[in-house]
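>
Residue numbers (the working numbering): 13 to 295.
Listed below in structure tokens is the structure:
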């Protein structure tokens, strides 16, 4: 049986996932696969490279750097997250990503991206974190309206969370049968309908299927939550989710709130550890 981590996004809210992943690494829980979406993919690659603490370290250190995530970056570059800073300078100079360990890892790493032409999710396996595959990671985390479209092999992509926020079904389809879902919303959350269809029709007028995906996102998301609840009750999957609500925005800049969300991820992972280890041992 093969295990997989399914990691939801959520921009700065995703630091919860980083806390969970650090505890898994500290306890030598290494899965056969990882499917990350947006911020989940960003933190997931540091799990595959086994760099405990890297995500929270650079999030706090560069929290005040406008290039990390800000409207100033958006006005200057067209991207809320400066591409050169986040995907080149940061991993190559400022907080070095362990490319060698990632490349040697036996964990299959997938990122979820939204194809604007088809309005469908694509789960792209990344054997390395350079070139085209770094662009896949960037596309997965490129939020609509505040990010430029990422072109990969001539196709336009954006945030994977639009078309498959929690790709549990994809994990099963890829052959993983011991699936661990890490969400960044507490139990009981339901996504509300999209209210900016009018703006999407202006900005993404060339991509009607993507507009439709935006419009129906809440339905897809809430149906996925229902399926997760059902499978969790049947003990067919394992879920780690925030045990309490933390008021944190997608662009949070308060370091204390960021640390609180990260520490909650650590706390919930530690509390789930024995049950998770039992789940992984069961055939």
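Virtual Cβ for every residue (Gly too), placed ideally from N, Cα, C.
Should residue 205 be labelled buried (16 or more other beta-carbon atoms within 10 Å of its own) or exposed?
exposed
> Would you call the stretch 267-277 in contact with the stretch 37-46, where contact means no fewer than 3 C-beta pairs closer than 8 Å?
no
> Closer than 8 Å is the cut-off here; do at least three beta carbon pairs connect the stretch 174-190 with the stretch 115-131?
yes
> Do residue 75 and residue 209 have their C-beta atoms closer together than 8 Å?
no
> Among all the DSSP beta bridges, which residues are the ones paired with residue 163?
168
> Checking the sheet assignment: what are the DSSP bridge partners for residue 15?
190
> Curious, which full-length alpha helix (DSSP H) runs of at least 4 residues does the stretch 88-161 contain?
111-116, 144-152
> Using the C-alpha atoms, what's the distance from residue 207 back to residue 185?
Taking the straight line from one Cα to the other gives about 32 Å.
> Using a 10 Å radius around the Cβ and a threshold of 16 neighbouring Cβ atoms, would you call residue 257 buried or exposed?
Residue 257 is exposed by the Cβ-count criterion.
> Can you say whether residue 212 is buried or exposed, counting buried as having 16 or more other CB atoms within 10 angstroms of its CB?
buried
> On a CA-only basis, which of 159, 164, 15, 117 is nearest residue 148? Give me that one, please.
Taking each of 159, 164, 15, 117 in turn and checking the Cα distance to residue 148, the smallest one comes out for 164.
> For residue 13, which residues in the same chain have their Cβ closer than 8 Å to its Cβ, ignoring the five residues on either side in sequence?
189, 190, 295
> Return helix, strand or coil for residue 46, following the three-state DSSP convention.
If DSSP states are grouped into helix, strand and coil, residue 46 belongs with the strands.
> With distances taken Cα to Cα, identify the nearest neighbour of residue 216 among 77, 23, 168, 239.
168
> In three-state DSSP terms, what is residue 249?
strand
> Does the stretch 156-163 touch the stretch 88-96, meaning 3 or more C-beta pairs lie closer than 8 Å?
yes
> Are the stretch 139-146 and the stretch 234-254 touching by the rule of at least three beta carbon pairs closer than 8 Å?
no
> Would you mind sorting residue 55 into buried or exposed? The rule is 16 or more other CB atoms within 10 Å of its CB.
buried
> Evaluate residue 276 with the Cβ neighbour count: other Cβ atoms within 10 Å of its Cβ, from every protein chain shown; 16 or more gives buried, anything less gives exposed.
buried
> Can you tell which of 72, 111, 15 has its C-alpha closest to the C-alpha of residue 57?
111
> Let me make sure I understand the geometry here. Which of 99, 153, 236, 180 has the alpha-carbon closest to that of residue 200?
Selection 99, 153, 236, 180 evaluated against residue 200 yields 236 as nearest (Cα-Cα).
> For residue 129, tell me which candidate among 202, 105, 226 has the shortest Cα-Cα distance.
Comparing alpha-carbon positions, the option among 202, 105, 226 lying closest to residue 129 turns out to be 226.
> Put residue 199 into one of helix, strand or coil per three-state DSSP.
coil
> Comparing alpha-carbon positions, which option in 17, 16, 293, 28 lies nearest residue 262?
It is 28 whose Cα lies nearest to the Cα of residue 262.
> Pull up the distance between the alpha-carbon of residue 224 and that of residue 230, whole angstroms please.
If I take the Cα positions, the gap works out to 11 Å.
> Using only CA atoms, which one of 69, 67, 131, 183 lies nearest to residue 44?
Closest in alpha carbon position to residue 44, among 69, 67, 131, 183, is 183.
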